[in-house]
Amino acid sequence: MSVPILKQGDVLIASIQSALTDRDLLQLKDELAEKVGRLRSRGVVIDVTALDVMDSFATRTIRSIAAATRLRGAETVVVGIQPEVAIALVELGLTLDGIATALDLEEGLDVLVEVMEARRRDR
Amino acid sequence: MCWSRSWRRAAVIDERRVPIDRDVDIVTARQLGRELAAEAGFTGSDLTLIATAISEVARNIVVYAERGEIRLGRTDRNGREGIEVVAADEGPGIPDIQQAMQDGFSTGRSLGLGLPGARRLMDEFEIVSEVGKGTVVTMRKWRP
Amino acid sequence: MADQATDAEAPFGPAGLFGPADLERRLRSGGVGPEDRAGIGEIKDEVLKHLDEHVAAFFEHLASFPEAQALLRRPDLMEEARRLERDHLVAMASGTYDRDYVEQRFRLGRLYNRAQLDVALFMGAFHAQMSSIGRRIMQRYAKDAVGGFARFSAFKKIAFVDLGIVVDAMMTEREGTIRRQQQAILELSTPALQVRERLLILPIIGLLDTFRAKQLTDGLLKAIRAHRAKVVVMDLTGVSTVDSKVANHLIQTVAAARLMGATVIVTGLSSDVAQSLVTLGVDLSRLNTIGDLQGGIEEAERILGPASPRIERRPAVG
Numbered sequence: 001m002s003v004p005i006l007k008q009g010d011v012l013i014a015s016i017q018s019a020l021t022d023r024d025l026l027q028l029k030d031e032l033a034e035k036v037g038r039l040r041s042r043g044v045v046i047d048v049t050a051l052d053v054m055d056s057f058a059t060r061t062i063r064s065i066a067a068a069t070r071l072r073g074a075e076t077v078v079v080g081i082q083p084e085v086a087i088a089l090v091e092l093g094l095t096l097d098g099i100a101t102a103l104d105l106e107e108g109l110d111v112l113v114e115v116m117e118a119r120r121r122d123r
Numbered sequence: 124m125c126w127s128r129s130w131r132r133a134a135v136i137d138e139r140r141v142p143i144d145r146d147v148d149i150v151t152a153r154q155l156g157r158e159l160a161a162e163a164g165f166t167g168s169d170l171t172l173i174a175t176a177i178s179e180v181a182r183n184i185v186v187y188a189e190r191g192e193i194r195l196g197r198t199d200r201n202g203r204e205g206i207e208v209v210a211a212d213e214g215p216g217i218p219d220i221q222q223a224m225q226d227g228f229s230t231g232r233s234l235g236l237g238l239p240g241a242r243r244l245m246d247e248f249e250i251v252s253e254v255g256k257g258t259v260v261t262m263r264k265w266r267p
Numbered sequence: 268m269a270d271q272a273t274d275a276e277a278p279f280g281p282a283g284l285f286g287p288a289d290l291e292r293r294l295r296s297g298g299v300g301p302e303d304r305a306g307i308g309e310i311k312d313e314v315l316k317h318l319d320e321h322v323a324a325f326f327e328h329l330a331s332f333p334e335a336q337a338l339l340r341r342p343d344l345m346e347e348a349r350r351l352e353r354d355h356l357v358a359m360a361s362g363t364y365d366r367d368y369v370e371q372r373f374r375l376g377r378l379y380n381r382a383q384l385d386v387a388l389f390m391g392a393f394h395a396q397m398s399s400i401g402r403r404i405m406q407r408y409a410k411d412a413v414g415g416f417a418r419f420s421a422f423k424k425i426a427f428v429d430l431g432i433v434v435d436a437m438m439t440e441r442e443g444t445i446r447r448q449q450q451a452i453l454e455l456s457t458p459a460l461q462v463r464e465r466l467l468i469l470p471i472i473g474l475l476d477t478f479r480a481k482q483l484t485d486g487l488l489k490a491i492r493a494h495r496a497k498v499v500v501m502d503l504t505g506v507s508t509v510d511s512k513v514a515n516h517l518i519q520t521v522a523a524a525r526l527m528g529a530t531v532i533v534t535g536l537s538s539d540v541a542q543s544l545v546t547l548g549v550d551l552s553r554l555n556t557i558g559d560l561q562g563g564i565e566e567a568e569r570i571l572g573p574a575s576p577r578i579e580r581r582p583a584v585g
């Protein structure tokens, strides 16, 4: 099951619809890296609302998506982490340090604007 | 008195087996585990913790042993209900379990968080491994 | 090379009350020796011969007490209780006292708890049952009263060990019930208050133990989702002590809230509590702490910005 990636202005929105296999996750990572480069996107929102499990592999892949897109000049925000999933992640010691998070897509886009502005100021 | 044997082998009912040899089987195993845990009376974040632990041990099979199986079942001890997850493979085995159980250790492509992570998510965790023969991980979680 | 780590020595039973060594200890404390086991072996058939009579003695004793009616009037519970009592006498007379034996006693303890049978009444019925057994044994050993008494004493030693297990199981069960009731009360007593859009205040009052801290996490994360909260002010002014375990739990809660996209501000942590936590090695820098509730709300307002309609923030669809 591949993840649809929508382009909205200079932001890419990856909206995960159902449980993903490891291969799906890796494919998402490649596609996002490619699209960010080709479309010169400034931000990426990954919507994980539909994920009922985020294990160490999924979390590691999301971290590497954030790292890869940052290298190409885009910021990543993860939105929609469910309360139960958040508890499991913390128990696992996986706290996504350094990656912005938000409650939902709308909030994520707000956060992205803030993060992109902060980055611009830092430069 | 045959204590240790009766202790280690809690009666498991409703056992379901999921063969594991590709990444999609990891998803199947954890979804089935979540269903079974719900049937056993688990609720809320416990369901997610159980499903996540299954995901970790199932991936361990795919990454290190290529194939194996996950056995899921409801169990009962002293009238307390729980779920038992067994991840068995005939892969290369783990030479140093102590080391593998430390956070951050890795011999493959994983973060190495699989086993210690799964242990933190469950109530009981048991691992038996023999180099060249395989690994069996048994985990249990009891209903609060 | 085989390497293994097992939990074979782990405790079992309600709340991990019993361990393998514990049953041995209980048998030793009860003074059960090899000669007792031999003595029980000799009266086994005698006990089994009048099994129904002994089981009946237990329930006959209960019959005269109104508080036992909750059990006696439930055919399903009674059927199970009769069966368990029967199985139990068989196991007692058979002389194998292992894990299965203990587990059987747990089931009985749980059942009686469910039927709200109190411990004193249970002990009375148990005594009536022992008397019934004692009478039969003394009849059988009418010509050897000393021998009969010795054998019955052996049986009674097991009975007392047994009584200890059932009573402990009943008490532990009851504590579990109380804990569940406390949980319900606590859930009601820690409300998340919405002050303005996207801002929640969580005043915590009273004793904060590990159990309640877990409740708090679940409740807070759900409230964040339900209210679409962006900032939560967790006020600990009403909490007098926080141990390192609870403090670490709070740190985890804050981390989980962040994963959901919310910022948690902790207020009202007294300097005494803060000092003792630092001494215990808790890393308070991982908590966003602000002196008092007022300061916390101000900080939250600053994060949230003006409550007026927000500026156009969405990039144009391209």
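Line by line, the protein sequences are chains A, B and C.
The first sequence begins at 1 in the numbering used here and counts up by one.
The second sequence begins at 124 in the numbering used here and counts up by one.
The third sequence begins at 268 in the numbering used here and counts up by one.
Ideal Cβ positions, reconstructed from N, Cα and C, are used throughout, including at glycine.
Quick caveat: nothing in here was measured; it's all calculated off a predicted structure.
Select from A:Leu92, A:Leu6, A:Thr95 and A:Glu91 the residue whose C-alpha is nearest the C-alpha of A:Ile46. The residue given as residue 46 of chain A occupies position 46 in the first sequence. Comparing Cα-Cα distances from A:Ile46 to each of A:Leu92, A:Leu6, A:Thr95 and A:Glu91, the minimum goes to A:Leu6.
Measure from the alpha carbon of C:Met405 to the alpha carbon of each residue in C:Phe325, C:Leu551, C:His394 and C:Arg418, then state which is nearest. Taking the third sequence and counting its residues from 1, one reaches residue 405 of chain C at position 138. Closest option to C:Met405, Cα to Cα, is C:Arg418.
In the DSSP output, what is B:Gly205 paired with across the bridge? As a working mapping, residue 205 of chain B is identified with position 82 in the second sequence. BP columns for B:Gly205 point to B:Thr198 and B:Trp265.
For A:Ala50 and chain B, any beta-carbon pair shorter than 8 Å? Residue mapping note: residue 50 of chain A aligns to position 50 of the first sequence, counting from 1. No, because no Cβ of chain B sits closer than 8 Å to the Cβ of A:Ala50.
Alpha carbons only, please: which of B:Asn183, B:Val135, B:Arg197 and B:Thr198 is nearest the one belonging to B:Glu213? Numbered from 1 along the second sequence, position 90 holds the residue referred to as residue 213 of chain B. Per the Cα distances, B:Asn183.
Here's the rule: buried if 16 or more other CB atoms are within 10 angstroms of the residue's CB, otherwise exposed. What is B:Pro142? For the purposes of this step, residue 142 of chain B is taken as the residue at position 19 of the second sequence. Exposed, because fewer than 16 other Cβ atoms sit within 10 Å of the Cβ of B:Pro142.
Assigned secondary structure, B:Thr230 (DSSP; H/G/I helix, E/B strand, else coil): Locating residue 230 of chain B in the second sequence gives position 107, where the first residue counts as 1. The predicted model places B:Thr230 with a pLDDT of 49, which falls under 50 and marks its position as unreliable; any figure quoted below should be read in that light. Of the three classes helix, strand and coil, the one that applies to B:Thr230 here is coil, per DSSP.
From B:Thr230 to B:Ala181, what does the alpha carbon distance come to, in whole angstroms? Stepping through the second sequence from its first residue, residue 230 of chain B is reached at position 107. Stepping through the second sequence from its first residue, residue 181 of chain B is reached at position 58. For B:Thr230, the predicted model reports a pLDDT of 49, less than 50, meaning its position is unreliable; a value from the coordinates is still stated below. Near 16 Å, if we compare the C-alpha coordinates of B:Ala181 and B:Thr230.
Would you call B:Val260 buried or exposed, if buried means 16 or more other Cβ atoms sit within 10 Å of its Cβ? To locate residue 260 of chain B, count along the second sequence from 1; it is residue 137. Its Cβ being crowded by 16 or more others within 10 Å, B:Val260 is buried.
In chain order, what are the residue ranges of uninterrupted alpha helix (DSSP H) at least 4 long that sit wholly in the region 289 to 327 of chain C? 301 to 316
Can you pull the DSSP bridge partners for A:Lys7? Counting from one through the first sequence, the residue named residue 7 of chain A turns up at place 7. As computed with DSSP, A:Lys7 is found in a beta bridge with A:Leu12.
Rounded C-alpha distance that separates A:Ala58 from A:Lys29: Taking the first sequence and counting its residues from 1, one reaches residue 58 of chain A at position 58. Taking the first sequence and counting its residues from 1, one reaches residue 29 of chain A at position 29. Those two C-alpha atoms are separated by around 11 Å.
Is A:Pro4 close to chain C, meaning its C-beta is less than 8 Å from at least one C-beta of that chain? The count along the first sequence starts at 1 and reaches residue 4 of chain A at position 4. No, no contact with chain C.
Three CB pairs or more closer than 8 Å across the region 511 to 531 of chain C and the region 69 to 89 of chain A: yes
Within 8 Å, strictly: CB atoms of B:Gly240 and A:Ser64: Your numbering for residue 240 of chain B matches position 117 in the second sequence. Your numbering for residue 64 of chain A matches position 64 in the first sequence. Taking 8 Å as the Cβ cut-off, B:Gly240 and A:Ser64 do not qualify as a contacting pair.
Endpoints, beta strand (DSSP E) assigned at A:Thr49: Sequence index remark: in the first sequence, residue 49 of chain A carries index 49 (1-based). No beta strand (DSSP E) contains A:Thr49, which DSSP labels as neither H nor E.
Beta-carbon contacts of C:Gly535 that lie in its chain and below 7 Å, excluding the five residues immediately before and after: Within the third sequence, residue 535 of chain C is the residue found at index 268, counting from 1. Within the same chain, C:Gly535 has close Cβ partners Asp502, Leu503, Thr504, Asp559 and Leu560.
Of the residues that make up the region 369 to 387 of chain C, which ones have a beta carbon closer than 7 Å to any beta carbon in chain B? Listed by position along the chain: Glu370, Phe373, Arg374 and Arg377.
I want to see whether chain B comes within less than 8 Å of A:Ser56, judged by CB atoms only; does it? The residue labelled residue 56 of chain A in the question sits at position 56 within the first sequence. It does; some Cβ of chain B falls within 8 Å.
DSSP-derived helix/strand/coil call for C:Leu466: Along the third sequence, read from residue 1 onward, the residue named residue 466 of chain C stands at position 199. Strand, per DSSP.
Local Cβ density within 10 Å of B:Met262, reported as buried at 16 or more and exposed below that: The count along the second sequence starts at 1 and reaches residue 262 of chain B at position 139. Burial call: buried.
Where does C:Phe416 fall in DSSP's three states? Sequence index remark: in the third sequence, residue 416 of chain C carries index 149 (1-based). Correct three-state label for C:Phe416: helix.
Taking only the alpha-carbon atoms, compute the straight-line gap between B:Ile149 and C:Ile445 and give it to the nearest angstrom. Walking along the second sequence from the start, residue 149 of chain B turns up at place 26. Walking along the third sequence from the start, residue 445 of chain C turns up at place 178. Roughly 40 Å separates the two Cα atoms.
Just the C-alpha distance for C:Thr520 and A:Leu94, rounded to the nearest angstrom, thanks. Within the third sequence, numbered from 1, the residue matching residue 520 of chain C stands at position 253. Within the first sequence, numbered from 1, the residue matching residue 94 of chain A stands at position 94. Rounded to whole angstroms, the separation of the alpha carbons of A:Leu94 and C:Thr520 is 13 Å.
Under 9 Å by beta carbon: chain A residues contacting C:Gly548: Looking up residue 548 of chain C in the third sequence gives position 281. Simply none; closest approach about 17 Å.
Of the listed residues C:Val499, C:Ser552 and C:Thr546, nearest to C:Glu566 (C-alpha basis): Locating residue 566 of chain C in the third sequence gives position 299, where the first residue counts as 1. Nearest option by C-alpha distance: C:Val499.
Near-chain C residues of the region 137 to 170 of chain B - C-beta to any C-beta below 7 Å: Answer set for the region 137 to 170 of chain B: Gly167 and Ser168.
Using DSSP with H/G/I as helix, E/B as strand and the rest coil, what is A:Pro83? As a working mapping, residue 83 of chain A is identified with position 83 in the first sequence. Helix, per DSSP.
Whole runs of the beta strand (DSSP E) within the region 322 to 383 of chain C, excluding any shorter than 3 residues: none
Quick one: residues in its chain with C-beta nearer than 6 Å to the C-beta of B:Asp137, no 5 flanking neighbours on either side, listed in chain order? Numbered from its first residue, the second sequence carries residue 137 of chain B at position 14. Gly196 and Arg197.
If the cut is a Cβ gap below 9 Å, which residues of chain C does B:Asn183 touch? Here the question's residue 183 of chain B lines up with position 60 in the second sequence. Near B:Asn183 there are no residues of chain C at all, since even the closest Cβ is about 16 Å away, more than 9 Å.
Taking the DSSP output, what are the residues bridged to B:Glu247? Taking the first residue of the second sequence as 1, we reach residue 247 of chain B at position 124. B:Glu247 pairs with B:Arg263.
Interface residues of chain B around C:Asp485 at Cβ under 9 Å? For the purposes of this step, residue 485 of chain C is taken as residue 218 along the third sequence, with counting starting at 1. Simply Gly167 and Ser168.
Let me know the secondary structure DSSP gives C:Leu429 once reduced to three states. If you number the third sequence from 1, residue 429 of chain C lands on position 162. According to the sequence as given, residue 429 of chain C is Asp; it is not Leu. Three-state result, C:Asp429: helix.
Pairwise C-alpha distance: B:Lys264 and B:Ile177: On the second sequence, position 54 is the one that residue 177 of chain B refers to. On the second sequence, position 141 is the one that residue 264 of chain B refers to. Per the coordinates, the alpha-carbon of B:Ile177 lies some 12 Å from the alpha-carbon of B:Lys264.
Ends of the alpha helix (DSSP H) at C:Ile518? Residue 518 of chain C sits at position 251 when you count from the first residue of the third sequence. C:Ile518 -> alpha helix (DSSP H) spans Ser511 to Leu526.
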